[in-house]
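Protein chains in written order, with this note's numbering: chain A, 525 to 885; chain B, 830 to 1080; chain C, 227 to 517. Down below is the structure, laid out as structure tokens.
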Amino acid sequence: MTAVAETTARSAEKYRVTRSRRNVAWTGLGALVVVVVLALFPYVVGAGSETILVQAFIILTLASMWNLLAGYAGLVSVGQQAFVGLGAYFVLILNIHSLSMFTALPVAAIGCGVAALPMWWLVSRLRSGYFAIATWVLATTVLLIIEKFPSIGGGTGMSLPHTPSLSTPVLEAYTYWIGLAVSVLALLAVYLLLRSRLGLVLTAVRDDEVAARSSGARVGLARMLVFVVAGIGCGAAGALLAISQLIVQPTAVFSVQWTAEMAFAVIIGGLGTIEGPILGTIVYMILQQALASYNAWYLIILGLVAMVIAIFARRGLWGLIDEHLHVRLFPVGYWLWDPADGGRRGARGLRAGRHRSGPAA
Amino acid sequence: MSETRESGSEPLLEVRDLTVHHGQLRALDHISLRVLPGEVYAIIGANGAGKSTLLRTIAGLHRPTEGSIRFDGKDVTRIRPERRAISGIAMVPEGRRLFPSLTVEENLQVGATYARKGPWTIERVYELFTWMKDRRGQQTAQLSGGEQQSVAIGRALVANPRVLLLDELSLGLAPVVVQRIYGMLPQVLATGLTVLLVEQDVSQALRVASHLQCLLEGRTTLEGKPSDVTAEQVEAAYFGLRTAPSDQGSE
Amino acid sequence: MVWVNDIITGILVGGLYALFACGLSLMFGVMKVVNLAHGDLAVIGGYIAVGVIAVTHIPVLWSFVIVVPLMAVLGYVLQRTVIQAALDRSILTTLLVTFGLSVVIENGLLQFESANSHSLGVDNAIITSSFSIGSQITIAYLLLLIFAVAVVVLTGLQYFLSRSRYGRLIRAVADDQEAAQLSGIDYRHVFGIAAAIAFGTVALAGIAYGMYSQFAPTTGTDTILLFAFAAVVIGGLGSLWGTLLGGVILGVSQAIGAQISGSDEFLAGYIVFLAVLVLRPQGLIARRSAS
């Protein structure tokens, strides 16, 4: 049989295309359970643990955003700290004008999304290395500009003037719940985004940009959307930072260390997978707590581990788990069930990494 | 098929059961060939048949999934491309691939960096292509397609290879230019080189080849001496049509 | 007329910036690697010089004799191992790995040295003094020396690339890796040479910077990296003279910014950088497109 006739014959048998290997309902239920358990924490654990977890929520939010940028849209930004800082400063400014800091958070997030638009206009035509440096320069420029305004603290920073008159445990509990909400929303947003049309466009672009464009995919629009969403997410994280610290200092909130932390968490956890940032944040927090008394060590070790993983395990720790167990908590790809195969061939769906394909002869 | 080639001289280049993938696409499927010293071996086939992939794999730019490549009696399948070049396999790649920020002479000088001992020098290349010496200080972007092709060939020659791989010389060139370039082949062969070439232009290939192999979708559909095959057989092999049972092709 | 003095200083400082930038430009031009750790390498050069001087007591002005070759060798090794491994994966990986390297270096310095600044004090009386032209222009000899060194190095590098055999190989590999392989060239070795040159020049620049100003563990990313990149972008990739021009323009913009307000020195430079990125990303003297 010629190749053509063979394929036609086979497709007459039953191929099935499904969204996930197992029932998604189980994962959804599991996630719900986890969220509920986490929500109950303030009733059970002490204030110290809450602070740590709020930090984890900030990192988790940042990590999912950076993963969206670098792992799916191919945009390596070394300037996301711009949005972290802007988010924090939005909260400060709104709070100065007597808006509750909790209410200020969503406003700050939206504000950062708006701020992302002119920034995108500045950097959108640049590629990889140039893009990275440009975002860094942009972030530094924003920092320098903000430092010129003494009304919001100038170079030294300023505490939030209108903190709610709540007792400390209650304040911390509220902060904790807001933090939980922000990170859950961030993960949900990323998941839904990637399941949608946008996710399809991003995968197509990642595999072959020219082909994607010629098929009509609005590549520029897709990337811009991702940049704006990441701006919103990082802004929310920055706002959360301001709320949890009750003080905003420019060099702290605009520090490039934020990008380092979110990037390392993502790389270690798994670039280009949704589960990766979660795993990466856990690893990050463990390392940070374990090495807390050793100052700069946790960043050194984190950095070295990230470098090793970037080279040897492209899809991070989650990628290693996934390869061996074929588990996907957040199903965004498709599984192709080939009856001849006994149902084991899986389409690769949305993952990082490209085929190294050479030109056809 | 190939009875006369089994006995006789040792092949300079031998490919056995070569299978090459581009990602999940199989570009070459168990290809075998033997190139004897001094001959002009032509690989023909339509676009996407796997011809360039074959040449590139022989040169070392692709890793085969299966199969082996033997050069001068030694297995070179796992050897890096630059080492293969130094040991005597020189390729003129598809599309010329000259170094745009280098002049004509600098391109030749790069080719001569790791040259083996032999008759070919930069001066000798200037004798082969008489126009080149006067233009040797020019940037290659200012040359015509045919001139660039000559420089690319020169760059491969100055390394004094044993076998010259020519990938689609005729691509993008006017027929008259192509003929002129192929016209230098006898002078090249006279210095003891062996040539393995890939061509889409079948008539041009038939004119210069001493042995011929046709590929289709990564498989060999025809093999033999140009004098032993008919035009109909070549056409059938090229396009993958069914022919009478007495054809020499094999699947 | 105070302007003139500052502008002249800005031009001379531009030479230092160009010295920082040429290694970055080389690595990007040859192997398409944006080395985010580039600035930190200059700082490492400075710290090594401090250490070497402390141990051997050689004059500060001669410290580069030991440090530059050392850093060049380090560059070759790092390129053949870590950076090549990252390159084999993808360009994205090289960005991630050099970024990781930058963070590791900075925090390593913070951990093992203090966060304090260091300076390489030059004790040669002539060098530390200045000379005057007229009543309003004072130029430090040190700065003039650094500018002269930068011009010499850039000229030498340009000559090396255009005339020497290895320079030719570097240009060929930068043009077309595969075609170079077909001519028998091991591009990994050529990349190593390019990295060695980059590390060596940036170490030299770091030592010069330490003499002129001071450095701390974070100076690499606070100051140097962005300036180096700005010089490359403004001047245009593919031309060392463009890099010099870019450095000079950066230096002059900073001088003008400092005139407007003390704290605007860096800001002015960044704004010019951003403007060039947006309006003319291929730079002012473009030999190759920057995208």
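Ideal Cβ placement from N, Cα and C applies to all residues, glycine included. Model, not experiment: these values are computed from the prediction.
{"Asked": "Within chain B, partners of residue 272 of chain C - CB distance below 8 Å", "Found": "Those within 8 Å of residue 272 of chain C in chain B number zero; the least Cβ separation is about 34 Å."}
{"Asked": "Under 7 Å from the C-beta of residue 888 of chain B: neighbouring residues of chain C", "Found": "408"}
{"Asked": "Euclidean distance between Cα positions of residue 317 of chain C and residue 453 of chain C", "Found": "22 Å"}
{"Asked": "Rounded straight-line distance, which links the Cα of residue 471 of chain C to that of residue 399 of chain C", "Found": "26 Å"}
{"Asked": "Every unbroken alpha helix (DSSP H) within the region 445-491 of chain C, with a cutoff of 4 residues, ordered by chain", "Found": "451-461 and 466-486"}
{"Asked": "N- and C-terminal bounds of the alpha helix (DSSP H) containing residue 818 of chain A", "Found": "Note, residue 818 of chain A: premise wrong, no alpha helix (DSSP H); not H, not E."}
{"Asked": "Alpha-carbon spacing of residue 644 of chain A relative to residue 752 of chain A, whole angstroms", "Found": "8 Å"}
{"Asked": "Contact list for residue 1053 of chain B against chain C, beta-carbon separation under 7 Å", "Found": "Under the 7 Å cutoff, chain C gives no residues; its nearest Cβ is about 30 Å from residue 1053 of chain B."}
{"Asked": "Sub-9 Å separation of residue 823 of chain A and residue 329 of chain C beta-carbons", "Found": "yes"}
{"Asked": "Same chain, Cβ closer than 8 Å to residue 608 of chain A, five either side skipped, listed in chain order", "Found": "586, 758, 759, 761, 762, 765, 777, 778 and 782"}
{"Asked": "Status (buried if at least 16 other CB within 10 Å, exposed otherwise) for residue 1051 of chain B", "Found": "buried"}
{"Asked": "Nonlocal neighbours in the same chain, by C-beta distance under 6 Å from residue 656 of chain A, ignoring five residues either side", "Found": "600 and 602"}
{"Asked": "Given residue 866 of chain B as reference, the closest of B:1055, B:1021 and B:1063 once Cα atoms are compared", "Found": "B:1021"}
{"Asked": "Residue 920 of chain B in three-state terms, based on DSSP", "Found": "strand"}
{"Asked": "Beta-carbon proximity of residue 409 of chain C to residue 988 of chain B, cut-off 9 Å", "Found": "yes"}
{"Asked": "Proximity of residue 793 of chain A and residue 810 of chain A at Cβ, strictly below 9 Å", "Found": "no"}
{"Asked": "Residue-chain proximity (residue 922 of chain B, chain C), Cβ-Cβ < 9 Å", "Found": "yes"}
{"Asked": "Closest by C-alpha distance to residue 428 of chain C, when choosing among C:231, C:244 and C:496", "Found": "C:244"}
{"Asked": "Spatial neighbours of residue 234 of chain C in its chain, beta-carbon cut-off 8 Å, leaving aside the 5 residues before and after", "Found": "363 and 365"}
{"Asked": "Closer than 9 Å to chain F by CB, residue 664 of chain A", "Found": "Absent here is chain F; the protein component of the structure consists of chains A, B and C."}
{"Asked": "Residue 755 of chain A versus residue 845 of chain A - alpha carbon distance", "Found": "30 Å"}
{"Asked": "Closest by C-alpha distance to residue 435 of chain C, when choosing among C:358, C:275, C:476 and C:335", "Found": "C:275"}
{"Asked": "C-alpha distance - residue 1132 of chain B paired with residue 736 of chain A, whole-angstrom precision", "Found": "Any question about residue 1132 of chain B goes unanswered here, given that chain B covers just 830 to 1080."}
{"Asked": "Residue 689 of chain A versus residue 249 of chain C - alpha carbon distance", "Found": "56 Å"}
{"Asked": "Rounded Cβ spacing between residue 965 of chain B and residue 934 of chain B (contact assumed at less than 8 Å)", "Found": "4 Å"}
{"Asked": "Neighbour-count burial assignment, residue 359 of chain C, 16 or more Cβ in a 10 Å radius", "Found": "exposed"}
{"Asked": "Given residue 904 of chain B as reference, the closest of B:890, B:875, B:841 and B:985 once Cα atoms are compared", "Found": "B:841"}
{"Asked": "Bridge partner(s) assigned by DSSP for residue 602 of chain A", "Found": "None; residue 602 of chain A has no bridge partner."}
{"Asked": "Whole-angstrom distance between residue 833 of chain A and residue 568 of chain A, CA atom to CA atom", "Found": "36 Å"}
{"Asked": "Bounding residues of the alpha helix (DSSP H) (the contiguous stretch that carries residue 678 of chain A)", "Found": "It is not in any alpha helix (DSSP H) - residue 678 of chain A carries neither H nor E in the DSSP assignment."}
{"Asked": "Cβ shell of residue 635 of chain A (< 6 Å), same chain only, five flanking positions each side left out", "Found": "614"}
{"Asked": "Under 9 Å between C-beta atoms of residue 951 of chain B and residue 978 of chain B", "Found": "no"}
{"Asked": "Proximal residues of chain C, C-beta to C-beta of residue 643 of chain A below 8 Å", "Found": "Within 8 Å Cβ-Cβ: nothing; residue 643 of chain A doesn't reach chain C, min ~10 Å."}
{"Asked": "Bounding residues of the alpha helix (DSSP H) (the contiguous stretch that carries residue 905 of chain B)", "Found": "Looking at the DSSP string, residue 905 of chain B is not in any alpha helix (DSSP H), and its letter there is neither H nor E."}
{"Asked": "Cβ separation of residue 397 of chain C and residue 931 of chain B, assumed to be a contact under 8 Å, to the nearest whole Å", "Found": "6 Å"}
{"Asked": "Beta bridge counterpart(s) of residue 326 of chain C as assigned by DSSP", "Found": "DSSP, once it has assigned bridges, lists no residue as partnering residue 326 of chain C."}
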